[in-house]
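S.K.: Have a look at the structure that comes next, please.
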Amino acid sequence: SQTIHQWPATLVQPVGSPLSLECTVEGTSNPNLYWYRQAAGRGLQLLFYSVGIGQISSEVPQNLSASRPQDRQFILSSKKLLLSDSGFYLCACDRGGGTDTQYFGPGTRLTVL
Amino acid sequence: AQSVTQPDIHITVSEGASLELRCNYSYGATPYLFWYVQSPGQGLQLLLKYFSGDTLVQGIKGFEAEFKRSQSSFNLRKPSVHWSDAAEYFCAVGGNYGGSQGNLIFGKGTKLSVKP
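Those protein sequences? They're chains A and B, same order as listed. Our numbering applies: residue 3 is where the first sequence begins, and numbers increase by one. Our numbering applies: residue 6 is where the second sequence begins, and numbers increase by one.
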């Protein structure tokens with residue numbers, strides 16, 4: 003079964019600084035990959051998804067971007083963080099086909115000060 | 006519009022008591038339904054899912070859920086709650102969009118507290 007790693011686990015960054023969060027997947031190939039943000043009391047918000055290398059779809063316009071340089075690597079970035087970027091970021095994957103279960107990584111807690 | 010509603014933000018039950026967490030959805034096609042559990046500071050773990058067939062599905066940790074199409078509901082139940090069940094629970098709906106990705110729509114979650 004697949005295992006999702008996220009790095010770092012926690013991060014505290016000043017406003018205006020850059021961001022790079024990494025997600026790597028083991029145990030499957032050609033996964034669909036997802037970035038979600040979870041803010042208190044607001045559930046999960048889908049930010050980006052990718053169905054293949056170099057293929058990124060954005061669900062919500064914002065100052066974040068995503069990249070998929072390798073089949074099982076998904077990166078979330080920002081050039082300049084905002085206070086509103088604080089939250090819990092979750093990476094997820096599924097095997098594709100539109101009906102498979104999504105599995106989640108352990109998450110990264112980002113605090114922007 | 007597609008949506009998931011979990012009407013209870015926070016529920017407190019006594020250990021050993023029964024539990025039912027409510028989930029209602031709005032979806033234009035045949036829904037695929039999921040319940041996930043999240044412990045504090047952790048990722049989401051799948052409890053159970055419904056794609057088709059028997060409308061009563063069994064999951065891990067003694068949880069079950071029943072799909073009721075007429076009520077657009079997928080409520081989660083457990084006959085006897087344990088202190089370790091204290092967590093946040095998310096209902097989600099998804100489906101085949103005809104493409105490769107299967108985006109899920111999540112409810113806002115129900116936080117479960119368990120009294121000793």
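Just so it is clear, CB atoms sit at the ideal spot from N, CA and C, and this is done for glycine as well.
1) To test your reading of the DSSP string, which unbroken beta strand (DSSP E) runs of 3 or more residues are found completely within the region 37-65 of chain B?
2) Could you say which of Ser60/A, Tyr105/A, Tyr51/A, Ala41/A lies nearest to Ser88/A if we only look at CA atoms?
3) When you compare the CB of Asn108/B with every CB in chain A, is at least one pair closer than 8 Å?
4) So which residues on chain B does Leu13/A lean against when the C-beta distance must stay under 8 Å?
5) For my contact list, Val27/A and Leu83/A are in at a C-beta cut-off of 8 Å; report their separation, rounded to the angstrom.
6) Shorter than 8 Å from the beta carbon of Gln47/B to some beta carbon of chain A?
7) Between the region 59-76 of chain B and the region 26-46 of chain B, do three or more beta carbon pairs fall short of 8 Å?
8) Using three-state DSSP, classify Cys54/A as helix, strand or coil.
9) So which of Ser57/B, Val9/B, Pro45/B has the shortest CA-CA distance to Ala91/B?
10) Specify whether the region 107-116 of chain B and the region 50-70 of chain B touch according to this definition: at least 3 beta carbon pairs, one from each stretch, less than 8 Å apart.
M.R.: This is what the structure gives:
1) 37-43, 49-55, 61-63
2) By 1-based counting over the first sequence, the position of residue 88/A is 86. Selected option, being the one with the closest Cα: Ala41/A.
3) Against the second sequence, residue 108/B aligns to sequence position 103. Interface residue, yes.
4) The residue given as residue 13/A occupies position 11 in the first sequence. Those within 8 Å of Leu13/A in chain B number zero; the least Cβ separation is about 13 Å.
5) Start at 1 with the first residue of the first sequence, and residue 27/A comes out as number 25. Start at 1 with the first residue of the first sequence, and residue 83/A comes out as number 81. About 25 Å separates the two Cβ atoms, so there is no contact after all.
6) Within the second sequence, the letter at position 42 stands for residue 47/B. So yes, Gln47/B belongs to the interface.
7) yes
8) Taking the first residue of the first sequence as position 1, residue 54/A is located at position 52. For clarity, residue 54/A is Gly in the given sequence; the question names Cys instead. The answer is strand: DSSP assigns Gly54/A an E or B state.
9) On the second sequence, residue 91/B is found 86 positions in, with the first residue counted as 1. Nearest C-alpha to Ala91/B: Pro45/B.
10) no
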